[in-house]
Structures are given as C-alpha cells and as structure tokens.
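Numbering (the numbering used here), first residue to last: 4 to 72. Even glycine gets a Cβ: it sits at the ideal position worked out from N, Cα and C. It should be emphasised that the depicted structure is a prediction, and the values quoted were computed from it without experimental measurement.
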Amino acid sequence: MAGTPRRGGPGGRFVSLLSDSGVPLEEISRLVGHSGTAVTEEVYRKQIRPVIQTGATVMDGIFKQDQKP
Numbered sequence: 004m005a006g007t008p009r010r011g012g013p014g015g016r017f018v019s020l021l022s023d024s025g026v027p028l029e030e031i032s033r034l035v036g037h038s039g040t041a042v043t044e045e046v047y048r049k050q051i052r053p054v055i056q057t058g059a060t061v062m063d064g065i066f067k068q069d070q071k072p
C-alpha cells in the first residue's frame with residue numbers, strides 16, 4: 004500500500020543497529036529521512052526500544068538517589 008511505512012526489512016535492521024550502538028534518536032531520525040523523532044518512534048518503536056529502556060533505567064537511578072535519607 005502506498006504511503007504505508009515499512010517496519011521490517013533493511014530499514015528496520017539499520018535503525019536497530021544504530022540504536023543498539025547508542026546513536027541518539029535525533030540522529031537516527033535524520034539518517035532515515037524523517038521530519039522528526041515522533042515519526043521514527045512510531046515507525047520503528049520495536050527497533051528503538053533499547054534506547055527507551057536505557058533512558059528509563061537512567062531515570063530509575065536518579066529517582067533512587069533522590070529517595071536516600
């Protein structure tokens with residue numbers, strides 16, 4: 004179907020490799036030709052999950068530090 008983004012294939016592997024290597028979402032978005040990160044997150048959400056998970060882990064550490072007496 005025309006205009007429907009492909010989530011798999013070479014593009015998905017490309018995004019996954021970049022994400023796993025620590026490339027910021029903003030750079031991945033530009034490399035795949037998206038106008039912003041929201042499009043990249045929607046189209047490749049499974050491939051960029053490690054980046055999102057890393058951010059969540061960092062935030063957990065920050066909040067745990069705030070809770071120390």
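Going by DSSP, Arg33 is part of the alpha helix (DSSP H) stretching over Leu28 to Leu34. DSSP places Lys67 within a helical segment (H, G or I) once states are collapsed to three.
Put simply, the backbone Cα of Ile31 is about 30 Å away from that of Lys67. Of the residues Leu28, Arg33, Gly15 and Phe17, the one whose Cα lies closest to the Cα of Gly58 is Leu28.
Taking the C-beta atoms as reference points, Val35 is found nearer than 8 Å to Val18.
In the displayed model, Arg48 falls within coil according to three-state DSSP, outside both helix and strand. Counting only the Cα atoms, Gly39 lies some 17 Å from Leu21.
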